[in-house]
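Okay, structure first, notes after.
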Amino acid sequence: MQRKSQLHETERRHLMIYTVTLNPALDKTVEISGFAPGQVNRIHALRTDPGGKGINVSKVVQSLGGQSTAFGILAGQTGREIEKALAAEGISCCFSNGAGQTRCNLKIVDTLNGTTTDINEPGAPISVQTLQELLQKLLQRLCPEDIVVLSGSVPPQTPEDIYASWTQACGKKGAKVFLDADGPLLQNGIRGIPWLVKPNRAELEAWMGHPLETEASLLEAGRALLQQGISQVVISLGAEGALFLWDEEAYRGWGISVPVRSTVGAGDSMMAALALGTQYKLEKNQLMKFALAVSAANVMCSGTQAADLDVVQELLPRARVERIAL
Numbered sequence: 065m066q067r068k069s070q071l072h073e074t075e076r077r078h079l080m081i082y083t084v085t086l087n088p089a090l091d092k093t094v095e096i097s098g099f100a101p102g103q104v105n106r107i108h109a110l111r112t113d114p115g116g117k118g119i120n121v122s123k124v125v126q127s128l129g130g131q132s133t134a135f136g137i138l139a140g141q142t143g144r145e146i147e148k149a150l151a152a153e154g155i156s157c158c159f160s161n162g163a164g165q166t167r168c169n170l171k172i173v174d175t176l177n178g179t180t181t182d183i184n185e186p187g188a189p190i191s192v193q194t195l196q197e198l199l200q201k202l203l204q205r206l207c208p209e210d211i212v213v214l215s216g217s218v219p220p221q222t223p224e225d226i227y228a229s230w231t232q233a234c235g236k237k238g239a240k241v242f243l244d245a246d247g248p249l250l251q252n253g254i255r256g257i258p259w260l261v262k263p264n265r266a267e268l269e270a271w272m273g274h275p276l277e278t279e280a281s282l283l284e285a286g287r288a289l290l291q292q293g294i295s296q297v298v299i300s301l302g303a304e305g306a307l308f309l310w311d312e313e314a315y316r317g318w319g320i321s322v323p324v325r326s327t328v329g330a331g332d333s334m335m336a337a338l339a340l341g342t343q344y345k346l347e348k349n350q351l352m353k354f355a356l357a358v359s360a361a362n363v364m365c366s367g368t369q370a371a372d373l374d375v376v377q378e379l380l381p382r383a384r385v386e387r388i389a390l
């Protein structure tokens, strides 16, 4: 790591973090005070960042002083801009070339009302051949105990069971797969038995098929995931924090109150912290607090900027976790 942190105190296990982004994007974030649909709105700040959930994870890992390799599929001029921006940040990349243009997304941050509106393009379809080529590139790199983060949406016409098949393929190489997806991608992906899943309340409700209005019902859903063979379940609760379940244990992590600039990428930041903390073999209590602090630091940034390690260090003493009955 480039800067000193508490992570230095834990011996690093020699393994790699790989992120996979099948539907990358160039994210344009605009800040508007009092965004009004159907009217002329004045932008008072804007920025453009390489995005997509896996790429966001790699950006945060890099910002925290770790290293990862970003895998994905890029196309056209937009794709070249993304790859150039990632290279400028020092992030190792391994992309395959797709047809058409990589998508562009618009994030509208209303600084007056504290809301974020996402307007996302669907992305261009990817051929089966291109997907298989990327998977083989990844499998050739994998060693036992490596971490593979599969996250985000996929382009139109991509098989809905792709995360399940990729999870199984990576698992055969001994890798730990961290899955962060929604809808059929999550529901099918769970069947591949990833090592870790990080659903939010809505995603978990869709998987269970009914509302989860209490902490007890969320824990019941988390137990159901553990029974599928998943080793660790992290239920993201937004500003309220998260629930952490593994080894027949459950913990409540409380959200850290911070000034919010953008909530885009907060979940990706938590995933980055979980991956990096696992790489550094942090103890459970350290890992959970680290994840909460990194997520809080991220929402203090504009656009999809990565959380800053110095800010994370300041927030760590405020992170609070409590063991609860499972």
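Numbering (my numbering), first residue to last: 65 to 390.
Where is the CB? At the ideal position from N, CA and C, for every residue including glycine.
One alpha carbon belongs to residue 378, the other to residue 347, and they sit about 20 Å apart. Taking the C-beta atoms as reference points, residue 169 is found nearer than 8 Å to residue 91.
Under the three-state reduction of DSSP, residue 305 is assigned to strand.
Annotation: residue 130 to residue 79 spans about 11 Å, alpha carbon to alpha carbon. Taking every protein chain shown into account, the CB of residue 101 has fewer than 16 other CB atoms within 10 angstroms, so this residue is exposed. Taken through DSSP and simplified to helix, strand or coil, residue 111 comes out as strand. Under a 10 Å Cβ-count criterion, residue 320 is classified as buried, with 16 or more other Cβ atoms of the shown protein chains found around its own Cβ. Around residue 147, the same chain offers 138, 157, 159 as residues with beta carbons nearer than 7 Å, after the five sequence neighbours per side are excluded. Under the DSSP assignment, residue 146 falls in the alpha helix (DSSP H) whose first and last residues are 140-152. For residue 187, DSSP records no beta bridge to any residue. About 6 Å separates the beta carbons of residue 132 and residue 83, which is inside the 8 Å limit, making them a contact pair.
Judged by DSSP secondary structure, residue 253 falls within the alpha helix (DSSP H) whose first and last residues are 247-255. Residue burial is scored here from C-beta neighbours: residue 210 has at least 16 other C-beta atoms within 10 angstroms and is therefore classed as buried. Distance from residue 306 to residue 317 at the Cβ level is roughly 5 Å; contact confirmed, criterion being Cβ atoms closer than 8 Å. A check of alpha carbon separations from residue 206 across 233, 186, 122, 151 identifies 233 as the nearest. At the C-beta level, residue 330 and residue 357 stay beyond 8 Å of one another. Counting of Cβ neighbours within 10 angstroms places residue 87 among the buried residues, the total reaching 16 or more. DSSP places residue 119 in the uninterrupted alpha helix (DSSP H) bounded by 117-127. About 7 Å separates the CB atoms of residue 363 and residue 325; that is less than 8 Å, so the two are in contact.
In the same chain as residue 208, and ignoring 5 residues on each side of it, the C-beta atoms closer than 6 Å to its own belong to 238, in chain order. Pairing residue 296 with residue 250 gives a Cβ-Cβ distance that is not under 8 Å. Residue 124 is positioned such that its CB atom lies closer than 8 Å to that of residue 371. Taking a C-beta distance under 8 Å as the contact criterion, residue 241 and residue 335 do not qualify as a contact pair.
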